[in-house]
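Numbered according to the working numbering, the sequence shown spans residues 524 to 812.
Have a look at the structure below before the remarks.
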Amino acid sequence: QVFTNNCRASLDVVVFYGMPPEKVHEVRDFTLASGSWDTFSSQQDAALIGSAVARRREISTGDTFSIGEYSVRVAGIYDSENQAEENYIYTHLDYLQRGDDASSDGLVTQFEIVLRESADAAMVQEQVDTLFAVGQVETDTRMKGAFQQKSLGDLMQMIRMSGYLGYGCVGLLLVLLMTTTLMSVQDRIKEHAVMKTLGYSRSNVFSIVLLETAIIGIIGGAIGIAAAVMAIISSGLAIGAEAVTIAFTPSLDLVLTGGVLLALGSMVAGIIPAWVASRTSIIGALHAG
């Protein structure tokens, strides 16, 4: 079962997976940060909740969590190396199928099959679809990667658009940095004229202004990168559609890439102000000052 705060992609997705308790322990690689497996196994309406969901919804072990027609008792909160996994809630299969109505049909929306290493995935897919071909609803069995790729079609477009938006924001910030530095150069025009009078060459003045711009940009950008990383880590946000989620996870490669782009962009933003400062006329600047 999937609950979102809108009908398409969402930043606050709550996904319920129903599995027999013993299967959860076997096929899912996560560790309990609090709670116990015994409590989860012994109570029909118990649930294991991912730490990301628990942070967003302010849930603790022992609480009762209600959404839609389901109300579960939190038997434990788990952590996983795969941060997208921390956005799921695991309950007993029977409870998720039927809820409080034991006489309902107990339908499911998704089967998950764990294959042996020697298994032929294509053959298993065909066998499953053949088995359910005469059922009430035909199945469409695919490898997990293919299933996720289809489910995340809308999200991939959104992610690409957000990438373009991010580049646009970076460009705007560099323009603001260049404009601010250029205004500073105009205010310090007499200072640059004095430097030339003391023997500083045009290249010296150019280098000084360029270095000042780069330092300001790098310091400000580093603060921004650090704040963004801390916000992503603390928020535990994930974007999802249907039963598939993508967690926002900062990485060292991403931070380093941002740092390199930051340094290069700051240097580029300082070229025009540095050129203006280096071309300042000594006599005109002193008269203006």
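Idealized CB from N, CA, C, for every residue including glycine.
Note that the structure is a prediction, hence the values are computed from the model and not measured.
Helix, strand or coil at residue i [DSSP, three-state]
| i | result |
| --- | --- |
| residue 662 | coil |
| residue 723 | coil |
| residue 798 | helix |
| residue 582 | coil |
| residue 730 | helix |
| residue 783 | helix |
| residue 774 | coil |
| residue 657 | coil |
| residue 793 | coil |
| residue 813 | Within the shown structure, residues of the chain are numbered from 524 to 812, placing residue 813 beyond reach of any answer. |
| residue 544 | helix |
| residue 641 | coil |
Residues bridged to residue i [DSSP beta-bridge criterion]
| i | result |
| --- | --- |
| residue 596 | 569, 587 |
| residue 602 | 554 |
Exposed unless 16 or more other CB atoms sit within 10 angstroms - verdict on residue i
| i | result |
| --- | --- |
| residue 698 | exposed |
| residue 541 | buried |
| residue 546 | exposed |
| residue 667 | exposed |
| residue 539 | buried |
| residue 724 | exposed |
| residue 704 | buried |
| residue 581 | exposed |
| residue 605 | exposed |
| residue 563 | buried |
| residue 657 | exposed |
| residue 585 | exposed |
| residue 635 | exposed |
| residue 691 | exposed |
| residue 607 | buried |
| residue 601 | buried |
| residue 687 | exposed |
| residue 785 | buried |
Which listed residue (the options) has its alpha carbon closest to that of residue i
| i | options | result |
| --- | --- | --- |
| residue 543 | 700, 571, 795, 557 | 571 |
| residue 565 | 557, 614, 549, 753 | 614 |
| residue 694 | 587, 791, 802, 562 | 791 |
| residue 553 | 594, 795, 603, 769 | 603 |
| residue 799 | 711, 549, 601 | 711 |
| residue 796 | 617, 729, 775 | 729 |
| residue 638 | 722, 585, 549, 588 | 549 |
| residue 706 | 719, 692, 732 | 732 |
| residue 727 | 578, 802, 777, 682 | 802 |
| residue 782 | 770, 768, 747, 755 | 747 |
| residue 738 | 775, 700, 681 | 700 |
| residue 611 | 618, 551, 665 | 551 |
| residue 740 | 709, 715, 713, 794 | 794 |
| residue 777 | 664, 789, 745, 632 | 745 |
| residue 590 | 619, 772, 757, 742 | 619 |
| residue 651 | 568, 663, 641 | 663 |
| residue 714 | 569, 743, 632, 804 | 804 |
| residue 789 | 575, 536, 743 | 743 |
Element boundaries [alpha helix (DSSP H), containing residue i]
| i | result |
| --- | --- |
| residue 559 | Where residue 559 is concerned, there is no enclosing alpha helix (DSSP H), given that its DSSP letter is neither H nor E. |
| residue 803 | Residue 803 -> no alpha helix (DSSP H), and no H or E assigned at all. |
| residue 633 | Taken as a continuous stretch (DSSP letters only), residue 633 belongs to no alpha helix (DSSP H), as it is neither H nor E. |
| residue 647 | 644-654 |
| residue 621 | 616-621 |
Short CB-CB distance (under 8 Å) between residue i and chain B
| i | result |
| --- | --- |
| residue 595 | This model lacks chain B altogether; it includes just one protein chain. |
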